[in-house]
Each structure stands twice: as structure tokens, then as C-alpha cells.
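Written out below as C-alpha cells is the structure these notes cover.
Protein chains: 2
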Amino acid sequence: MDLDTTPALLVDRDILDRNIARMAESARARGMSLRPHAKTHKCLEIARRQLDAGARGLTVATVAEAEVFAEAGVDDLFVAYPLWVDAARGARLRALAARVRLTVGIDSGTGARNLVEHAGTGIGVLVEVDSGHHRTGVPPEQAGAVAAAAHEAGLDMLGVFTFPGHSYAPGAPAGAARDESDALAAAAASVRATGIEPSVVSGGSSPTALLEVPTVTTELRPGVYVFGDAQQLELNTVTENEIALTAAATVVSARDDLVVLDAGSKVLGADRAAWATGYGRILGEPDARITALSEHHATVYWPDPSTRPGLGHRVRVIPNHVCNAVNLADELIVISEGAVVDTWRVAARGCTT
Amino acid sequence: MDLDTTPALLVDRDILDRNIARMAESARARGMSLRPHAKTHKCLEIARRQLDAGARGLTVATVAEAEVFAEAGVDDLFVAYPLWVDAARGARLRALAARVRLTVGIDSGTGARNLVEHAGTGIGVLVEVDSGHHRTGVPPEQAGAVAAAAHEAGLDMLGVFTFPGHSYAPGAPAGAARDESDALAAAAASVRATGIEPSVVSGGSSPTALLEVPTVTTELRPGVYVFGDAQQLELNTVTENEIALTAAATVVSARDDLVVLDAGSKVLGADRAAWATGYGRILGEPDARITALSEHHATVYWPDPSTRPGLGHRVRVIPNHVCNAVNLADELIVISEGAVVDTWRVAARGCTT
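Just so you know, the sequences run in chain order H and X. Start counting the first sequence at 7; every next residue gets the next number (our numbering). Start counting the second sequence at 7; every next residue gets the next number (our numbering).
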């Protein structure tokens, strides 16, 4: 591969396109809309591929991400976050709402009134529901009360959404998918009981989005599925040949059964869930594990001496959590059939406001 | 404070200046050179303050960081990393060596010969020694062999360095400082035995740099000390009134004794050492803990109802590991006596190559 130097993030475009097509087909086959979460890739080129494959719009996490994709011509954006809106953010939301179909999350009547105070009423809202992750969102049976408050405040109350983040543990995805479905059904019923018909019932995480459970969901919002990562591998939601993003790294030091690579937490991110078996994996070497991670060093336990790379050799690392790895890079090197074919800018990198 | 929106990283300039002065005075009083690690701040304004306070040069982790500081006029740079040099990086090192006093790390004879092959001989080198962190570096008694190989390859063999990263655990700094001192003394003796006089014996991490142990060290390379962070708080190496960097964040959701803030791992970094009590701290609220962290959410257990902030209130978060937090931001908002006074660009953000 004609790659000048390491570390660098590589995207295998062929695998990426297969991942995008598979999720699009699955959603279509079940009659659901797909609104991929763009926080994972932050790239205009990948957003365009998702929309071309049939996505109805994008999900984003922040107003700043919405601004980047709106500027690039994406016209339907959902900020899946219970925003607290000050004067500055309110002005930005008004500007966005004037050019795209904009929806944002709320999880309290106070939040709904705050939104109207600073951003006006021309914005769609979905009530966030806690389906078991216990982060933001109200219990399903309280969704109606928040919806009624939002409606009363003058907002365009469109429905409910949840993120079943408790799907992120080994063996958990199937149960989390059922929780998600139950919570969304209860939340939709709670909204309907106030006289508002929820037109959007939005769910989905990459671990649960492909699971076929009976569901009232109308829309899916997976993010990580475009790339996959070591967390998804350890959840058994992807296989290694579905991993589209890796970090190219070089062996800079070696001793015994350990090799040290030049990709650390400033390239891979420092994510390590309690259940993770290491700080990342090595492509093609399933028994190797990153056992320690510094900012510019990954210490890899590499048990097989017959494949263990020596000083100066390059390997490809699978990050634990691809969203945080991508957000550290200014660009992604695009490969196809082993050759570098393009470079994509991480256009919304660092867009946290 | 006149801060438009959150999340944002704030630097308290008054505390920063005190931290810089304290370390400079401590090094001077012990007759040691100070070469602060600029990977922590990546800011030209902070580098300038360190040099003005008497630092003899800067330490960096990558060639790309060295390029940023060289471009800004810093003329003495040490890349504290056992670089593996390909043709592209070799050309960059030659260009750097032509304009600044450049030193790089090595930890093998192979690495030394690789360096000469691609970057020539006009570069100073220090042999990296493992003082107990077990990452890169050779055992102290092997330093002489690597030094001799570097000398034979034509490099300017200046001495030895170590990073006592095993200082990062509660109760560990004092023992790690002794290990560091012992390892450097043994390594210097090993080099001297080959007939080469080591002029630089370089050590120091923020947890150990201020500890007064008998030592042969001629140079200190702490990084985190400029800002402090929650890791240093939990190591008892700083107090809260020495914390110069915080993330301003807003409460976006709340229930019971939990509040959810809009600063997640894309602002704070995902670092959580095995011994850490959470994903970060809250300034002025020592009993609060970040118990869960997503990309844009920090879930904070806040036990005191009398101080617990409501929706829309702003708090200041102390990141666990400030180096990774800073590397996520494009700029730092500078405050002094509670007012915003400046904005500093994170000039070397993302410079991982």
C-alpha cells in the first residue's frame, strides 16, 4: 500500500459500501426509515453514500455537526440530543431551521420551553425516552407529559426516540432490542393518550439495528455500522471482514512477545469498556491484544511468534470505539483493493457545540 | 463569565503561570534543565511562557509536533520517542535538523541505523531506558550497547532518557521517582563504560518531577504540570487550586442525584485508569463523580442536593487526562480573574505523525 507514513486512519471503501448497502436493505425490507448517525464518520463523502443508498436524512449529536452537513446540502437533520439552548445556540438553530428540515430532542417540559424561548417554534421535536441505558430521556410512561408540554409551547411534536445504549455489553444486544421496542411502544402510547399522534418512533443502535424483533419503530439511527470496530467484534455484531476502518501503525519497539506500535490514544481514542478484552485488536491476528495504551504507544501482546512483526513492520489496528478514533483525525485515507484511492476530510471533526 | 456556549475548554491563565513558575523554580533550585513536554498543551502561547520562564527547549512526542514548534521559532527540540523512520519522515527530520537543535529517542541499534539511513547523521540521540513502566526503552544495563551502536552509526550520542510512567498509580510516585533515579544512574554508567560520556540524563513525569530524590538527572521533562488534571488530583500531586484547565459544561438533563452534562468523551477524552474513581471531577465539588461517559454526555453523581445544579446551569469539569482533552479541541478559551481574556489555538492538535 502506497502510504507515506503512520499512524493514519484507513477506510476500506469496498467494505464501507457493503456495510452501507446491508443496513439500507435491512431497513427497507422492514419498512423502516434509515437516518444514520453521522457522528461516527463526520465525512461528507460517507453521508452522501448513505443518502444515495436511501437514507431519509441524517442524525447528528450537536448543532455544529448539523451546520456542517446542512452547508453541504443535506436537507433533513435530527439532532438526537436534549439540547439546552442559550441565545447563541438559539440563533444558530433558527438559521438551520430556515434552510433544512430540522428536528431536535427534548426530555423535559423545561427543555421544550427553553428551546422555544431562544430558537422559536419552527423546529420539530422528538421526546427522548430511557429504554434502559439510564442516561438522558424520560421513562416511557412520562413521554406524553413532555410531548404535551412541547405541543403547548408551540413546537412541532413529531414523536419519540430512544438510544438503547445498554446494548453495549456481551450478550446484551437481543435483550436491549426488546427493551427498546417495549419502551418505544409504551412511549408512543403515552403520547397518543394526550391526543397527539406520533409520526416518528425512532430507535436503533448498531448492535440492535439489524435484530428482527417485533417493533413499532418507524426509523433506525445506527452509526457505527458503517465502519465496525473492536467493540462490535466483541459483541459479535460484526465479523472481521466487515471492519472498514483501521489505523495503520508501525512497530517502533519490541521485546519477547510484546510489540509497541506508534498508534496510541491520540489516534485510537482511550475507550475501554469494562467488558473489553483490551484497548483494540489487530486486523488478521485475532489472538493479539492491545494490553496498554499511551498517547503515542500501543503495547500489543502478540502470542504467535510466526506472525509477530519486527521493528519497522506495519500492521492495522482495529480501534475499540471508532467514533472517537475518527474524531481525532483530520482526514481518512481511502483504500480499495489494497491501494490508496482517495482522501476524505473529517469535515465535522471537533464539532462539539 | 462571558462564554457564548458550551462545551469549551477553559485555561485559567493565572493558575497556569503559577504552575509554570513553580516547576521552573524547582528545576533551577536543583540545578536541572527543564524541557517541558509540549504534547500536553500543543499551544505556542504556553510554549513561549515556559521558555520565558527558563526552559532550555521543548520535548515533543512526534515529528509533526516538532515541525509546529520549529515553525514558531523554538530552536531546541527533543522528540522523546523511539521513532521508526521511513523515507518521508526521514526527509522531514533532515529539514528540521537544518533549522533547530534536534534530538530524538532510540531504543535499539536497529533503530539507530534506520535513523541514519533515512535522516542522516546530523541529529542528536538519547537512548531510552525502561525504568519500570515497561513500554519502550531498554533495561538500563543495555543502554551502553545501544549508545555504542548509535555512535558507530555516526549519530551524535548525547545520553539517556526515561519516562517513569509507573508513577501513575496511587501511592506510586515516590517509588517510581527512586526507580527512575536508579535506572538513569545505571544507564549513564553503562554508557560511560563504552567510553561515551553522557551529557544529558533526562527524566521526569509530572507526578515525579517535584520529588526530591538523590538523582543523577540533568534534565526534567514534565508535561501535565502546566494544567493538572483529575489523575494528578487522585495521585495527590496537585491540589484543586492548581488545576488550570477545565471544561465548561451545561446541565442538559437531571433526575434524582444525577445530572447529565454536555461534555462527553469527545471533549474530555475517554481515559479512565483502573485506579481512577470516575471519568472526571467537578471543580469545587469534590464529592461529585462522573460515573458514565458517552461521546456527548457525562453522567455525574452529585450527592449534595444543596449544590446540585439544575437544567441549564453551567459547571466546570476537570478531565481525567488533560493531554487527551486538549488534543480534541481546536482552541482554548483563556480566562483570568473570572473573565475571558484571550483565545489560544491548539496549534499542534492532531499532529500524530
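Note that CB positions come from ideal geometry on N, CA and C, so glycine has one too.
Open item on the list: Going by beta-carbon coordinates alone, are Thr40(X) and Ala61(X) separated by less than 8 Å?
Closed with: Translated into the one-based positions of the second sequence, residue 40(X) becomes position 34. Translated into the one-based positions of the second sequence, residue 61(X) becomes position 55. The amino acid at residue 40(X) is misidentified as Thr; the sequence shows Leu. In terms of Cβ geometry, Leu40(X) and Ala61(X) form a close pair [threshold 8 Å].
- [ ] Take Ala215(H) as the anchor and find which of Ser173(H), Glu203(H), Arg314(H) has the nearest alpha-carbon.
- [x] By 1-based counting over the first sequence, the position of residue 215(H) is 209. Of the listed residues, the one whose Cα sits closest to Ala215(H) is Ser173(H).
TODO: Could you please give the first and the last residue of the uninterrupted alpha helix (DSSP H) stretch that includes Gly181(X)?
DONE: The residue labelled residue 181(X) in the question sits at position 175 within the second sequence. Annotation for Gly181(X): the continuous alpha helix (DSSP H) segment containing it runs 179-198.
Task: Rounded separation between Gly318(H) and Leu267(H) - CA only - done: Position 312 of the first sequence, counted from the start, is the residue given in the question as residue 318(H). Position 261 of the first sequence, counted from the start, is the residue given in the question as residue 267(H). Separation of Gly318(H) and Leu267(H) (C-alpha to C-alpha, rounded to the nearest whole angstrom) is 9 Å.
Open item on the list: Please confirm whether Trp90(X) has its beta-carbon closer than 8 Å to some beta-carbon of chain H.
Closed with: As a working mapping, residue 90(X) is identified with position 84 in the second sequence. Taking 8 Å as the CB threshold, Trp90(X) lines the interface with chain H.
Task: Range of the contiguous beta strand (DSSP E) that encloses Ser342(H) - done: Reading the first sequence from its first residue, position 336 is the one you call residue 342(H). Its beta strand (DSSP E) spans residues 337-342.
- [ ] Apply the 10 Å Cβ neighbour rule to Asn247(H) and answer buried if 16 or more other Cβ atoms are within range, or exposed otherwise.
- [x] The residue labelled residue 247(H) in the question sits at position 241 within the first sequence. Result: exposed.
TODO: Please name the residue, chosen from Glu203(X), Glu240(X), Val85(X), that lies closest to Val110(X) on a Cα-to-Cα basis.
DONE: Looking up residue 110(X) in the second sequence gives position 104. When each option's Cα is compared against that of Val110(X), the closest is Val85(X).
Open item on the list: What does the Cβ neighbour count give for Asn120(X), buried or exposed, with the cut at 16 atoms within 10 Å?
Closed with: Here residue 120(X) refers to the residue found at position 114 when the second sequence is read from its first residue. Buried: at least 16 other Cβ atoms inside 10 Å.
Task: Enclosing alpha helix (DSSP H) for Ser371(H) [first to last residue] - done: Residue 371(H) lies beyond the range of chain H shown here (7 to 359); nothing can be said about it.
TODO: Could you pull out every residue in the same chain whose Cβ sits closer than 6 Å to the Cβ of Ser300(X), ignoring the five residues on either side in sequence?
DONE: Here residue 300(X) refers to the residue found at position 294 of the second sequence. Only Gly270 meet the Cβ criterion.
Open item on the list: If the cut-off is 8 Å on Cβ atoms, which residues from the stretch 301-332 of chain H count as contacting chain X, listed in chain order?
Closed with: For the stretch 301-332 of chain H, the set of residues with a beta-carbon nearer than 8 Å to any beta-carbon of chain X comprises Glu301, His302, His303, Thr305, Leu317, Gly318, His327, Cys329, Asn330, in chain order.
Task: Candidates Ala175(H), Pro170(H), Pro204(H), Gly177(H): closest to Asp188(H) by CA position - done: Position 182 of the first sequence holds residue 188(H). Nearest of Ala175(H), Pro170(H), Pro204(H), Gly177(H) to Asp188(H), Cα basis: Pro170(H).
Open item on the list: With a threshold of 6 Å on Cβ separation, who are the neighbours of Ala87(X) within its own chain once the five nearest residues in sequence on each side are excluded?
Closed with: Taking the first residue of the second sequence as 1, we reach residue 87(X) at position 81. Here residue 87(X) turns out to be Tyr, not Ala, going by the sequence shown. Taken in chain order, the residues that qualify are Ala67, Gly111.
Open item on the list: Among Val346(H), Ser259(H), Ala192(H), Leu57(H), whose alpha-carbon lies nearest the alpha-carbon of Val207(H)?
Closed with: Residue numbering aside, residue 207(H) sits at position 201 when the first sequence is read from its first letter. Selection Val346(H), Ser259(H), Ala192(H), Leu57(H) evaluated against Val207(H) yields Ala192(H) as nearest (Cα-Cα).
Open item on the list: Threshold first: 3 residues or longer. Then list the beta strand (DSSP E) segments lying entirely within the stretch 277-340 of chain H, N to C.
Closed with: Entirely contained in the stretch 277-340 of chain H, the beta strand (DSSP E) runs reaching 3 residues are, in chain order, 286-288, 295-299, 304-307, 320-325.
Open item on the list: Would Ala125(H) and Arg100(H) be called neighbours here (beta carbons separated by less than 8 Å)?
Closed with: Start at 1 with the first residue of the first sequence, and residue 125(H) comes out as number 119. Start at 1 with the first residue of the first sequence, and residue 100(H) comes out as number 94. Cβ atoms of Ala125(H) and Arg100(H): closer than 8 Å.
Open item on the list: Whether or not the stretch 134-154 of chain H and the stretch 193-201 of chain H are in contact is what I'm after, with contact meaning three or more pairs of Cβ atoms, one per stretch, closer than 8 Å; do they touch?
Closed with: Three or more Cβ pairs closer than 8 Å define a contact, and the stretch 193-201 of chain H meets that threshold against the stretch 134-154 of chain H.
Task: Min CB distance Thr358(H) to chain X below 8 Å - done: Translated into positions along the first sequence, residue 358(H) becomes position 352. When Cβ-Cβ separations below 8 Å define contact, Thr358(H) makes contact with chain X.
Task: Within chain X, partners of Tyr87(H) - CB distance below 7 Å - done: Here residue 87(H) refers to the residue found at position 81 when the first sequence is read from its first residue. By Cβ distance, chain X contributes His302.
Open item on the list: For the stretch 22-41 of chain H against the stretch 248-261 of chain H, do three or more pairs of beta-carbon atoms, one drawn from each stretch, fall closer than 8 Å, so that the two count as touching?
Closed with: Cβ pair count under 8 Å is three or more, so yes.
TODO: Compare the C-alpha of Val135(H) against each of Asp277(H), Gly128(H), Ala149(H) and name the closest.
DONE: As a first step, residue 135(H) must be located in the first sequence, where it is residue number 129. Closest by C-alpha distance to Val135(H), out of Asp277(H), Gly128(H), Ala149(H), is Ala149(H).
Task: chain H contact residues for Gly117(X), given Cβ-Cβ distances below 7 Å - done: By 1-based counting over the second sequence, the position of residue 117(X) is 111. Residues of chain H passing the Cβ test: Leu317.
- [ ] Could you please give me the residues that DSSP links to Ser208(H) through a beta bridge?
- [x] The sequence position of residue 208(H) within the first sequence is 202, counting from 1. Phe167(H), Glu225(H), per the DSSP bridge assignment.
Task: From Phe75(H), Gly96(H), Val328(H), residue whose alpha carbon lies closest to that of Gly229(H) - done: Taking the first residue of the first sequence as position 1, residue 229(H) is located at position 223. Comparing Cα positions, the closest option is Val328(H).
TODO: Kindly indicate if chain H contains any beta-carbon less than 8 Å away from that of Asn120(X).
DONE: On the second sequence, position 114 is the one that residue 120(X) refers to. So, interface residue.
TODO: Could you name each continuous alpha helix (DSSP H) segment of 4 residues or more that falls completely within the stretch 105-182 of chain H, going from the start of the chain to the end?
DONE: Complete alpha helix (DSSP H) runs here, min 4: 115-125, 149-158.
- [ ] Quick one: residues in its chain with C-beta nearer than 8 Å to the C-beta of Ala298(X), no 5 flanking neighbours on either side, listed in chain order?
- [x] Working through the second sequence from its first residue, we reach residue 298(X) at position 292. The answer, listed in chain order, is Tyr285, Ala304, Thr305.
Task: the stretch 320-336 of chain X contacting the stretch 275-282 of chain X, beta-carbon criterion three pairs below 8 Å - done: Enough Cβ pairs lie closer than 8 Å, so yes.
Open item on the list: Would Arg41(X) pass as an interface residue toward chain H - the criterion being a Cβ-Cβ separation below 8 Å?
Closed with: As a position in the second sequence, residue 41(X) is number 35, starting the count at 1. Using beta-carbon distances, Arg41(X) does not count as an interface residue toward chain H, since no partner is under 8 Å.
- [ ] Answer yes or no: do Gly316(H) and Ala260(H) have a C-beta to C-beta separation smaller than 8 Å?
- [x] In the first sequence, residue 316(H) corresponds to position 310, counting from 1. In the first sequence, residue 260(H) corresponds to position 254, counting from 1. Taking the C-beta atoms as reference points, Ala260(H) is found nearer than 8 Å to Gly316(H).
Task: Of the listed residues Gly117(X), Pro146(X), Trp350(X), Gly143(X), nearest to Gly96(X) (C-alpha basis) - done: What you label residue 96(X) is simply residue 90 of the second sequence in a count that begins at 1. Checking every option, the nearest Cα to that of Gly96(X) belongs to Gly117(X).
- [ ] Kindly indicate if chain H contains any beta-carbon less than 8 Å away from that of Asp113(X).
- [x] Here residue 113(X) refers to the residue found at position 107 when the second sequence is read from its first residue. Yes, Asp113(X) lies at the interface with chain H (some Cβ there is under 8 Å from its Cβ).
Task: 8 Å Cβ cut-off: residues of chain H touching Ala153(X) - done: To locate residue 153(X), count along the second sequence from 1; it is residue 147. Chain H residues near Ala153(X): none, gap ~16 Å exceeds 8 Å.
Open item on the list: Measuring straight from C-alpha to C-alpha, what distance separates Gly201(X) and His157(X)?
Closed with: In the second sequence, residue 201(X) corresponds to position 195, counting from 1. In the second sequence, residue 157(X) corresponds to position 151, counting from 1. In a straight line, the C-alpha of Gly201(X) is about 11 Å away from that of His157(X).
Open item on the list: Quick check on Leu99(X): does DSSP put it in helix, strand or coil?
Closed with: Translated into the one-based positions of the second sequence, residue 99(X) becomes position 93. In the three-state reduction of the DSSP assignment, Leu99(X) falls in the helix class.
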